[in-house]
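*Asks:* One structure follows; several queries about it will come next.
Number of protein chains: 4
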Amino acid sequence: MAAHAKRLWLEEDLGDDYRWSYRVSAVLFSGRSDYQDVDLVDTPTWGKVLLLDGKMQSTEADEEVYHELLVHPPLLHHPCPKRVFIMGGGEGATAREVLRHREVEQVVMVDIDKVVTDFCSKHLTRNIAAFRDPRLQLINDDARAQLQAADDGSFDVIIGDLADPLDGGPCYQLYTQEFYRDVVLAKLAPGGIFITQSGPAGFLSCQEVFTSIHATTCSVFPGTVIPYAQHIPSFCDVWGFNMAFTDPHQVPLSPEELDSRIASRIHGDGLHFVDGSTWVGLRHLNKVVRKALQEESAVYTATSARFIHGTGNMKAAAPQT
Amino acid sequence: MAAHAKRLWLEEDLGDDYRWSYRVSAVLFSGRSDYQDVDLVDTPTWGKVLLLDGKMQSTEADEEVYHELLVHPPLLHHPCPKRVFIMGGGEGATAREVLRHREVEQVVMVDIDKVVTDFCSKHLTRNIAAFRDPRLQLINDDARAQLQAADDGSFDVIIGDLADPLDGGPCYQLYTQEFYRDVVLAKLAPGGIFITQSGPAGFLSCQEVFTSIHATTCSVFPGTVIPYAQHIPSFCDVWGFNMAFTDPHQVPLSPEELDSRIASRIHGDGLHFVDGSTWVGLRHLNKVVRKALQEESAVYTATSARFIHGTGNMKAAAPQT
Amino acid sequence: MAAHAKRLWLEEDLGDDYRWSYRVSAVLFSGRSDYQDVDLVDTPTWGKVLLLDGKMQSTEADEEVYHELLVHPPLLHHPCPKRVFIMGGGEGATAREVLRHREVEQVVMVDIDKVVTDFCSKHLTRNIAAFRDPRLQLINDDARAQLQAADDGSFDVIIGDLADPLDGGPCYQLYTQEFYRDVVLAKLAPGGIFITQSGPAGFLSCQEVFTSIHATTCSVFPGTVIPYAQHIPSFCDVWGFNMAFTDPHQVPLSPEELDSRIASRIHGDGLHFVDGSTWVGLRHLNKVVRKALQEESAVYTATSARFIHGTGNMKAAAPQT
Amino acid sequence: MAAHAKRLWLEEDLGDDYRWSYRVSAVLFSGRSDYQDVDLVDTPTWGKVLLLDGKMQSTEADEEVYHELLVHPPLLHHPCPKRVFIMGGGEGATAREVLRHREVEQVVMVDIDKVVTDFCSKHLTRNIAAFRDPRLQLINDDARAQLQAADDGSFDVIIGDLADPLDGGPCYQLYTQEFYRDVVLAKLAPGGIFITQSGPAGFLSCQEVFTSIHATTCSVFPGTVIPYAQHIPSFCDVWGFNMAFTDPHQVPLSPEELDSRIASRIHGDGLHFVDGSTWVGLRHLNKVVRKALQEESAVYTATSARFIHGTGNMKAAAPQT
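Respectively, the protein sequence lines represent chains E, S, C and L.
Numbered per UniProt numbering, the first sequence spans residues 1 to 321.
Numbered per UniProt numbering, the second sequence spans residues 1 to 321.
Numbered per UniProt numbering, the third sequence spans residues 1 to 321.
Numbered per UniProt numbering, the fourth sequence spans residues 1 to 321.
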């Protein structure tokens, strides 16, 4: 579809009454695993785009920002992150960013979908080296089962790079109070840090899942939970993260200390997007979102489902408790 | 793009203010020749679709109807069609239908685009046998040059299976009075018949090119020119044809005679779409179209350009003479 | 939405995987009756478009063709059509065409939706005069109930200008064998003629409802049922009609007789679209459609539902008998 | 378009290869002024949407955020903002926010388009009171001419609420070094502050106009220029602002001081979106955007056009100097 490629459009619903379309210049790969459709397309707007079940998973244009935000705040806040567990992350970019840290000795990445990891390890050029790094142990299995099977206190940082907690989706149980308390917290070593991507966090969208994930982590972790957010263009929204400390005395790094740690710990030329000043901006959320966080009472539990519906148009139903 | 394939759409403009989209379930082939983009996509609506420069060229669902209409009326009207010349037709389906006639001894098919003919001879399963038929001589060259180089009186039937006469398009010169008079008519043997696809022929669209092509053929051929038309779903319109006789005494076949010739001349089980009664319907055009044909005065000539603009939204400009 | 009107598009699904969009330059009216949404929009492609429940009902560009095809064949075939019953037809155009016949003395039009008839009688300029014609009796009620209440033998022509027989739709019962036998046939005077619009009749679409409606009328009416069809651009398909004679000896008019009756019976300058030659084309259906008509065995009855699903993508389910 | 309203979509290009569509439930107003099309539509996604030339101007869902960001930082940073000049702002929301400040005695709002201001003063319920406030002087004229005609030192705050500096657009001259130096700076009273909306400021889009407007203001104003940005969902991007101080010693307010000024100066319950902590987040831009600001050398001047092309897909051409 070279010159007339204008005519092939990938359409994604952003809501019931709201959608966007971007031109596809080539379909590079199309496959189906036991879990989902896996496609790689090329687009003039975003470069190469990885789609899982037809939904943008990551794009060449902005994946680096998302992955820096997911990985570096927790690893930089940890005094010495040697062992890291990644739930999901099959694309390889989360591992890639983790492996940039000199302290890291072992990365366990558990993604259920072998089709995705096989494909990405071959075709996503930025991530190929990460897949081959001897420090990476890639397991295609259920992340919960694997984490549960690990010895207590095994990891310095646990990263949740999972799909949103959609109703009927495979990942809901990995956002619950029980899972955080019985598995994640138990498997973290003293001083360990947990981070999870937390869905849309815009002033119009933060109550879909972001505030509930925050309330859930706050209910479990002994230390502070730091919510932060950044606009990710290909997600068409501000995206949120919750970083939970196990150490009750730990506080966010000052911008100077964060810059200093980046300089000393990260291989290469520093980070592309994150630095101390960026970090200040990321965690100073606006008044609307802060209010929503404060007022949120719904905690995800295995029995009180706060399910999220749909695809990209996530409206939280009322808690059923 | 298996299950979520709903999201990949091929969009085609049908006019400035009017377009359609159909879902693409797979992109089977994408290439580019010196002349055009060539794509084969699979769709739930039309089956496999061949696109040239992003415009539907033919679909599994209805190509047979178009090609029966283009080929069989002229071959059946000819007393004994031995030698046939096809201008264009790179897809192979026109040759396939021609080769079903027992009388046919030689088919010369001249399509400029080797990428298209190579691709279709391998991938369009319905047409593979035609490409391998020893009676077919396939030449990748300019159809005009090849026809001009032939001896006068070489062919019993000449078939124009060319793109519409768009402004700046490659095919305009093959619809002019000069070309018809100096080349087509000269190369036809006595009693020879010329047929050309003639663009949209609906009551709202027939004045784009159909009536002018009719006027042009009428101005050249000694015998009757029979216009006929049929709705082709994937073209989103009624499509027109003009069949020109060199014999001034030739008249359209009766339905009975047409049925009888189909029975005796065509290999296999008869035709899928055309028979005597169909033929009566095809050539009884409605009052609006007949009036437009009668009133049309614009003849395509090399110097008086009645150019057709755009893609699928063809509005005839005023003649410049 | 003047100059930038390009951006407002009305989208209509033509199938599950297939849709079209046309630009809307103005929304002239938007309302809702007890039965449906009623909208009138202006478009560059079709002129003014009447939408019922968001589906194109008729357009300035081609409504006249549809209505000529529905009305004039039956009225011209009747020796002297004085009393005409219209089921549906709220737009007024069917009545307009009926009233062009000099013989017509009384037209009873029964459309359930007063919002539609009120709106069209005021805003559809072509039809205003028809609504005011003293020969027209407009009743807003259920067409079946009104026809049932009429004396037997009351009408020379009964016209079904109803929505397609969709599953759950309001009109299904008006396409059944029982209704045709017990009501329509009974209310026709000797020599009476019944006509019904019969849905898409293209070679790819004719088995949705067209062939079944044909089989159903054939099972009831003593005379011949003449199926005919014509491409209607704004319906994006060929559209079918079934005209049923009560007189077992009646045959289709010759083109000459049809022309002669048009000249003598119709007010004004004759018809725009229909004449004798057009009529020959209309009723000579192609081989594929004729074969489907011959092979159709499903008759609509009140108990054996052959329901039609969806909107514009009507796939007939298997008969349940 | 009530129940089937799904089918009417407003489509907006976000780039050459990238667009979005949102469903329109009603077209409330459609007009055309000498300058532009003016439309008000209702949508399920954004509530009421004001469109100028078919481009989203503001929406019920998020206009308040944009206008708080444009108005309150400069007014709160000024020690006592009595006289405010608004360039553009015809919608009335900028004036509405300005008038919430107790210190404000006079607001001069100059918008060239009387059709827009008349319409908004009647139909945008949130802004009606502002249009009637006796402190507001509304002038329908060229903002540049009116500002030029004012006495030097007339205003404490000047607000640029203008369309983006598009090539050929009406507003380009109001973003140049000459205009800022000869008009804006001259008309500001000592300690005066200038603010301008500055286009998209995302990490992928900030070099379209945001960084150039920043460089231009920096080249003119004696004091600091503070760039800040926030995601505005209906603009489908992060949006930027540049606030320029005339006082070379002025620094940004601390969050505490900003909160205190909001409490003492603003009528009503404080602001919806902005407070001290929000303000910290807004002005801590990320590393990519900060780098682009630092490296930007292109200053808008009357003769060296750095034109911005298109609509919503603004790519800066190379400076022509």
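For every residue, glycine included, the Cβ atom is placed at its ideal position computed from N, Cα and C.
Since we're looking at a predicted model, the values are computed, not measured.
Closer than 8 Å is the cut-off here; do at least three beta carbon pairs connect the segment 263-276 of chain L with the segment 191-206 of chain L?
*Replies:* No, the segment 263-276 of chain L does not touch the segment 191-206 of chain L.
*Asks:* Using a Cβ cut-off of 8 Å (strictly closer), state whether C:Trp9 contacts chain L.
*Replies:* Judged by the 8 Å Cβ criterion, C:Trp9 is in contact with chain L.
*Asks:* Is DSSP giving S:Ala229 helix, strand or coil here?
*Replies:* Reduced to three states, the DSSP call for S:Ala229 is strand.
*Asks:* Who are the neighbours of S:Leu204 on chain C, taking C-beta pairs under 7 Å?
*Replies:* The contacting residues are Ala61, Asp62, Pro233.
*Asks:* Would you call the CB atoms of C:Leu147 and C:Val107 closer than 8 Å?
*Replies:* Going by C-beta atoms, C:Leu147 is not nearer than 8 Å to C:Val107.
*Asks:* Between the alpha carbons of L:Ser21 and L:Leu10, how many angstroms are there, rounded?
*Replies:* Going by the C-alpha atoms only, they are around 5 Å apart.
*Asks:* The alpha helix (DSSP H) with C:Gly281 in it runs from where to where?
*Replies:* Unbroken alpha helix (DSSP H) run through C:Gly281: 276-283.
*Asks:* Are any of the Cβ atoms in chain S nearer than 8 Å to that of E:Gly54?
*Replies:* So, interface residue.
*Asks:* How big is the Cα-Cα spacing for L:Phe29 and C:Asp42?
*Replies:* Rounded to whole angstroms, L:Phe29 to C:Asp42 spans 15 Å at the Cα level.
*Asks:* Rank S:Pro233, S:Gly90, S:Met243 by C-alpha distance to the C-alpha of C:Trp239 and give the top, closest one.
*Replies:* Cα-wise, what sits closest to C:Trp239 is S:Pro233.
*Asks:* Using a Cβ-Cβ cut-off of 6 Å (strictly less than) and excluding sequence neighbours within five positions of E:Gly153, which residues of its own chain qualify?
*Replies:* Only Ala189 meet the Cβ criterion.
*Asks:* Given that E:Val27 touches chain S, what residues does it touch there, using C-beta distances under 9 Å?
*Replies:* Result: Met1, Leu8, Val24, Ala26, Val27, Ser30.
*Asks:* By the criterion of Cβ-Cβ separation under 7 Å, what are the contact partners of L:Glu12 in chain C?
*Replies:* Near L:Glu12 (Cβ distances below 7 Å), the residues of chain C are Arg7.
*Asks:* Could you check if S:Cys80 is buried or exposed, using at least 16 other CB atoms within 10 Å of its CB as the buried criterion?
*Replies:* S:Cys80 should be labelled exposed.
*Asks:* Assign C:Lys122 to buried or exposed, taking buried as 16 or more other Cβ atoms, counted over all protein chains shown, within 10 Å of its Cβ.
*Replies:* Classification for C:Lys122: exposed.
*Asks:* Would the segment 95-113 of chain E count as touching the segment 68-86 of chain E if we require 3 or more Cβ pairs under 8 Å?
*Replies:* Touching, yes, given that three or more Cβ pairs across the two stretches are closer than 8 Å.
*Asks:* Assuming S:His78 contacts S:Ile193 (C-beta within less than 8 Å), just tell me the rounded distance between them.
*Replies:* Confirmed, about 5 Å.
*Asks:* So if I threshold CB-CB distances at 8 Å, which residues from the segment 34-51 of chain L count as touching chain E?
*Replies:* Answer set for the segment 34-51 of chain L: Thr43, Pro44, Thr45.
*Asks:* With burial defined as no fewer than 16 other Cβ atoms inside 10 Å of the residue's Cβ, what is the status of L:Ala318: buried or exposed?
*Replies:* In this prediction, L:Ala318 scores a pLDDT of 27, lower than 50, which makes its location untrustworthy; no coordinate-derived value is stated.
*Asks:* Helix, strand or coil for E:Asn242 per DSSP?
*Replies:* Residue state, collapsed to three classes: strand.
*Asks:* Using a Cβ-Cβ cutoff of less than 8 Å, which residues in the same chain neighbour E:Asn286 once the five nearest sequence positions on both sides are dropped?
*Replies:* If we look at E:Asn286 and ignore the five residues flanking it on each side, its Cβ neighbours are Phe203.
*Asks:* Looking at C-alpha atoms only, which residue of L:Ala149, L:His67, L:Val220, L:Ser277 is the closest neighbour of L:Tyr180?
*Replies:* The shortest Cα separation from L:Tyr180 among L:Ala149, L:His67, L:Val220, L:Ser277 belongs to L:Val220.
*Asks:* Taking the alpha-carbon of E:Trp279 as reference, which of E:Trp46, E:Glu68, E:Glu64, E:Lys55 has the nearest alpha-carbon?
*Replies:* If we check each option's Cα against that of E:Trp279, E:Glu68 comes out closest.
*Asks:* What beta strand (DSSP E) runs, 3 residues minimum, are completely inside the segment 178-234 of chain S?
*Replies:* List check, beta strand (DSSP E) in window: 188-200, 225-232.
*Asks:* Using a C-beta cutoff of 8 Å, does C:Asp259 count as contacting chain S?
*Replies:* Output row for C:Asp259: interface = no.
*Asks:* Just to make sure I have the definition right: I need the residues of chain S whose C-beta is within less than 7 Å of the C-beta of C:Gly15. Which are they?
*Replies:* Within 7 Å Cβ-Cβ: Thr45.
*Asks:* Taking the alpha-carbon of C:Gly199 as reference, which of C:Pro227, C:Gly191, C:Ala186, C:Lys187 has the nearest alpha-carbon?
*Replies:* When only C-alpha atoms are compared, the closest one is C:Pro227.
*Asks:* Would you mind giving the Cβ-Cβ distance between E:Thr94 and E:Asp161, rounded to the nearest angstrom? I have them listed as a contact below 8 Å.
*Replies:* Right, their Cβ atoms sit about 5 Å apart.
*Asks:* Starting from E:Asn242, find everything on chain L with Cβ-Cβ shorter than 8 Å and list it in chain order.
*Replies:* Neighbours of E:Asn242 on chain L: none; closest Cβ ~17 Å, over 8 Å.
*Asks:* So which residues of chain S does C:Gly281 contact, with C-beta pairs closer than 7 Å?
*Replies:* Gly281, His284, Leu285, Asn286, listed in chain order.
*Asks:* Taking the alpha helix (DSSP H) that residue 407 of chain S falls in, what are its first and last residues?
*Replies:* Any property of residue 407 of chain S remains undetermined from this structure, which presents chain S solely from 1 to 321.
*Asks:* Give the single residue among L:Leu138, L:Thr176, L:Leu8 whose Cα lies nearest to the Cα of L:Arg96.
*Replies:* The shortest C-alpha separation from L:Arg96 is found at L:Leu138.
*Asks:* Taking 8 Å as the threshold (beta carbon to beta carbon), is L:Val104 in contact with chain E?
*Replies:* By this cut-off, L:Val104 is not an interface position.
*Asks:* Give the range of the alpha helix (DSSP H) segment to which L:Gln294 is assigned.
*Replies:* 287-295 is the extent of the alpha helix (DSSP H) around L:Gln294.
*Asks:* Put S:Ser21 into one of helix, strand or coil per three-state DSSP.
*Replies:* Three-state result, S:Ser21: strand.
*Asks:* Can you tell which of C:Asp247, C:Leu8, C:Gln230, C:Asp259 has the C-alpha that lies nearest to the C-alpha of C:Cys218?
*Replies:* The shortest C-alpha separation from C:Cys218 is found at C:Asp247.
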